[in-house]
Structures are given as structure tokens and as C-alpha cells.
Amino acid sequence: MVDTLKLVWAAYRSRQFERRHWRWVLDGWRHNEAQGVRYSPELTAAELKRRLSGRRVTRCSAGGVHTAVATLTSNWGVGMVYELQELGPVSVFDWEQTGFLGPVWEHPDALREMNQKLLEFLRRCHGERPIDWVFLPVSGMIVLRSTLKAIKDEFGVPLVNQWLDCKQSLTSGRTVCGQDSGQWDIAPEFDLVWTSARSMCEPYLMLGACPLFLAEGFSPRLTPRVDLDPRHDVGFLGARYGLRSNYIDALRRAGLHVEARGPGWEQGPADLADIGRFFAESRVNLGFGGVGYSMRLTTLKGRDFEVPGAGGAYLTTYNPDLAPYFHIGKEIVCYRDRDECVWLARQLVKDEAWRAALRQNAYERSMREHRWQHRFQHVLGLLGILPSTSQEAPVETASA
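Each step along the sequence shown adds one to the number in our numbering, with nothing skipped, and position 214 is 973.
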């Protein structure tokens, strides 16, 4: 009875997520069509050039880019810091290390104080060595519109947002310090908004933002390739929510040994330093591309690049946004429903040669194309700070 109620609740929440997302997308399409615009990399490049006209954009050489970034370093954000350091000096504002712990957005005075601290931090860094760009992978729960305007007015450097959860949090419906705590109110203030969801580019255009569809990456320093004998048939690293436990239970009923680590699972989260080891100890690394409670609505995930980049065999949800980045069947494997997930997992566990080929092919592709460093080089090329590069993904895919 409890399991049935959970499935009913998950189905209800799934429809909520899907309806809200497609409402945003359709509203964006209709608005943009009336304006005669549609998202394209060319449109983004042209709009970015217009926004940065007359601003301070300094051409740098590789290794000489001074990045100012606000991110937590207790989670995957530290991987981006490692990769940014490959491109030059990095000044990191980690609000937790500054003393702002917990949900600061629930306390307006604390949020305003934190934003003031961010501005003071940028002034100090800029005084020591001019900042070349400001990178803020945050939502309206962390940064205020007034802060973004002050950064542009005072420093004049390119200001870039990254938010990888916008399919479910473009707008939150919660107001903090007079603004929505999602991306809705802050996105137009950035020169460039980096999203890993292609469908969200149209809603961002509707808001007056300058969107860029670009995938996540990985840091080989954070998730290194480790040579270890496998201990688990299937490993999953991530929080327990939605239908994830339903899939895990199905794999276990099929006779597979599944180790799940993360908030909500019996074993709890894995240490950040042990992630690469965990990938190596799993014959198959499982991914879930669903958004919230929905398994039909998919989005790119950090694991999509961390696992292949660490040399793991990766099985995840089929996602048309992911397919161009890897050759499906030769570099990663994708399923479309629970039954196919179980069948493919069993085949992979039995076929050591297939797993070995997947691991090697995906590792080589990832090191060549999918590090965070590659993504940042592309963004900095668009900004005019580094020579432009191409992050056009090949369209060749195969079914598996």
C-alpha cells in the first residue's frame, strides 16, 4: 500500500513538473516568434557583442585569465575551480567559508549582508589584480539584482551566470528581497546565461536574457581515473528522490548487487575525495536523467561527464541533449524505461569486454572534449577574452 501511494504521488508530481516546464517553453516560443527571434548560437554571439560594446573586455593569453567566481567548494563546485585554475588565477568567494551557513535566502538581512561581502571581495581582488570576468553559478537565492547591476557599473567586466537546474527552478514562486529566488528576475542582468537545458533557451530569451546552451563538464582532479577491481555490479551516486528507488529496487530484484550513495540512501553520501574510487568500484555506473519526479522530462547531469571522464562504464536515461556528446553504444549506454534499464545493466555486468571498450572510448572522448576547461575556453572565447573555440558536438549517435 505504501509503495502504491508513493507511485501515485510521484506520478502527480511528475505531471506538475512537466506541465510547468512546457508552459515556460511554449510561452517563450510564442513570445519570441512574435518578436521574430529564435535561439541560436549565432544570435547569442551577436547579442553578447552588443551587450559588451564599450565595456572592459581584456584579451588574455591562456594561463593569464583572472576569474572571480562565487561558488561552494564543499561540493562539485570545487571541480570548476580546479579547471579555472588551468586558465589563470582564480579568486573564489565561498559564502559558507565567509560565515554564511544554511539557507541564507530565508533571512533577508543576512542575504543583503552576504551580497555586500561579495562586492567588497570583488573590490579587493580587483585592486590586487584586475579581474577579467565574473562567473556566478548561482540563483536568485544567493545573488541580488542590485548586486549584479553594481558589478557591471563598477567593474565593467563580463558577467556570466550558470544555472543547471532551470527546468524546475526558472521561477520558484518564492520572493526574497523583492525578487524571485529562481532565475526569473536575475537572468536579464547577466551578459550571458549558461544553461545545460536546450529547451530553456527560449524562456530565457523571453525574459530578455542572453542564453547559451552548453553542457556541464568534469575535473579529472576531482574525479580521477582509478584502477581498482569492481566491488559492485551497479553503483549509483546521487540523492534519493522521485522514482530513483523504484529503479534501484528493480535492479536488485533482478539479482544485481547495487550500491547507492547519497542523501536518503542507507549508506549515506560518499566523500567528495572518494567519488573517482566509487566509479571504479562499480561495474556499471547508473545515471538518472529525469527532472525531479519526472523520468520523461530529462536534463543533462554532472554525472554524464564525471563518470566517463573517470573511466567508468555509464548507463543512463536517453536524453536528446546528451546524445550528441557521446556515441551511444560505444561510449555510453542509454535506457528509455525501467525494464530496459534492468536488461541493459544485466547485459553490461555479464559482458566485460563491452564494459572495457565503453570505459576506454568514453574516457578518451571526455579528456579530449568534455572537461570543464573546454567549456570555460568556449565561454571565454565568446566573451572575447580568449581566442574563440568551437563546442559544436558531433551529431552521430547510435541506439543501445
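C-beta atoms are modelled at their ideal positions from N, C-alpha and C, and glycine is treated no differently.
Item, Value
"Where Asp939 falls: helix, strand or coil (DSSP)", "strand"
"Beta-carbon proximity check, Ser955 vs Ala968, cutoff 8 Å", "no"
"Whole-angstrom distance between Ser905 and Phe1135, CA atom to CA atom", "26 Å"
"Inter-residue spacing [alpha-carbon to alpha-carbon] between Phe977 and Ala769", "31 Å"
"Pair within 8 Å by beta-carbon distance, Ser940 and Val993", "no"
"Distance CB(Arg1062)-CB(Gly997) smaller than 8 Å", "yes"
"contact_flag[the region 1096-1107, the region 1003-1023] where n(CB pairs < 8 Å) is 3 or more", "yes"
"Three-state secondary structure assigned by DSSP to Thr763", "helix"
"C-alpha gap between Leu860 and Ile945, whole angstroms", "22 Å"
"Segments of 4+ residues assigned as alpha helix (DSSP H) that fall wholly inside the region 913-972", "925-928 and 960-966"
"Chain-order list of residues whose beta-carbon lies under 7 Å from that of Ala821 (same chain, five-residue window excluded)", "Leu846 and Leu1145"
"Residues near Phe852 by beta carbon distance below 6 Å, same chain, minus five either side", "Ala829, Leu877 and Phe880"
"Residue of Val824, Tyr963 and Tyr1052 minimising C-alpha distance to Pro1004", "Looking at the sequence shown, residue 1004 is not Pro but Ser. Of the candidates Val824, Tyr963 and Tyr1052, the one whose C-alpha sits nearest the C-alpha of Ser1004 is Tyr1052."
"Proximity of Val863 and Trp892 at Cβ, strictly below 8 Å", "no"
"From Leu766, Arg999 and Asp924, residue whose alpha carbon lies closest to that of Pro1028", "Arg999"
"Ordered list of beta strand (DSSP E) runs contained in the region 1005-1029, each at least 3 residues", "1017-1020"
"Own chain partners of Ile890 with C-beta closer than 8 Å, once the 5 adjacent residues on each side are dropped", "His825, Thr826, Ala827, Ser850, Leu881, Cys884, Phe914 and Val916"
"Cβ-based neighbour list, Glu777, same chain, cut-off 8 Å, excluding 5 preceding and 5 following", "Ser1053, Arg1055 and Leu1056"
"Inter-stretch contact (C-beta, 8 Å, three-pair minimum) for the region 789-802 and the region 1114-1130", "no"
"Cutoff 7 Å; reference Pro1153; Cβ partners in own chain excluding five residues on either side", "Low confidence applies to Pro1153: its pLDDT is 46, below 50, so where it sits in the model is not reliable, and the reading given next is rough at best. Excluding positions up to five away in sequence, the list reads Pro1083."
"Val828, enclosing beta strand (DSSP E) - first and last residue", "Thr826 to Ala829"
"Assigned secondary structure, Trp835 (DSSP; H/G/I helix, E/B strand, else coil)", "coil"
"Beta-carbon spacing of Trp943, Leu971 below 8 Å", "no"
"Beta-carbon proximity of Arg1124 to Ala1009, cut-off 8 Å", "no"
"Length of the line joining the Cα atoms of Gly1143 and Phe1064", "26 Å"
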